[in-house]
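> Got a structure here, written out as structure tokens. Questions coming.
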Amino acid sequence: KVDPQTNRSSSFELVGIGEFDKNNDQHPVVVKIETGTDKDYFVAFNRAAGPNAENVEADNEVTVVQVEGGNGLSYAQSYLKAHLLAGESYTEDNFSNTGEPFSIKAKYIDISTEPAT
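Heads up, the sequence shown is in our numbering, so the first residue is 52 and it goes up one at a time.
Okay, structure coming up:
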């Protein structure tokens with residue numbers, strides 16, 4: 052879990068759920084971005100492997116999803132806000148009504164390794 056209001060910058064190496072069983076370095080599969088509301092963001096690597104081998108969208112991309120409610124603790128409608136290739140960013144101009152911008156950047160994607168990161 053990351054709270055951008057207390058920690059302005061964070062960096063993670065994500066592993067897709069399809070290769071979680073090969074995740075010896077304990078990289079996260081998903082990172083929750085805490086908004087201070089019940090509409091949090093979740094960032095994951097949509098690795099096209101294992102159960103995700105036949106994805107319809109965003110193969111081998113970083114996905115940014117926002118839940119409509121529930122604070123990520125219960126069922127809620129969710130929305131795909133972005134899927135990012137290496138070097139791409141997603142920005143919210145007014146993060147959690149703070150007036151501050153918030154960005155997520157996929158610095159790199161390496162699918163030549165196992166697990167891919």
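Just so it is clear, CB atoms sit at the ideal spot from N, CA and C, and this is done for glycine as well.
Can you have a look at D91 and say buried or exposed, based on whether 16 or more other CB atoms are within 10 angstroms of its CB?
The residue labelled residue 91 in the question sits at position 40 within the sequence shown. With 16 or more Cβ atoms within 10 Å of its Cβ, D91 is classed as buried.
> Quick one: using the 10 Å Cβ neighbour count with 16 as the cut-off for buried, is T114 buried or exposed?
Position 63 of the sequence shown, counted from the start, is the residue given in the question as residue 114. So T114 counts as buried.
> Just mark T164 as buried or exposed, buried being the case when its beta carbon has 16 or more other beta carbons within 10 Å.
Residue numbering aside, residue 164 sits at position 113 when the sequence shown is read from its first letter. Label assigned to T164: exposed.
> Quick check on the burial criterion: 16 or more other C-beta atoms within 10 angstroms. Buried or exposed for P55?
As a first step, residue 55 is located in the sequence shown; it is residue number 4 there, counting from the start. Burial call: buried.
> Using C-beta distances below 7 Å, list every residue in its chain close to F63, excluding the 5 sequence neighbours before and after it, in chain order.
In the sequence shown, counting from the first residue as 1, residue 63 sits at position 12. Cβ within range, chain order: P79, V82.
> Could you give the residue range of the beta strand (DSSP E) that holds H134?
Position 83 of the sequence shown, counted from the first residue, corresponds to residue 134. First-last of the beta strand (DSSP E) with H134: 129 to 135.
> Answer with buried or exposed for E255, where buried requires no fewer than 16 other C-beta atoms within 10 angstroms of its C-beta.
An answer regarding residue 255 cannot be provided, because it is not within the stretch 52 to 168 covered by the chain.
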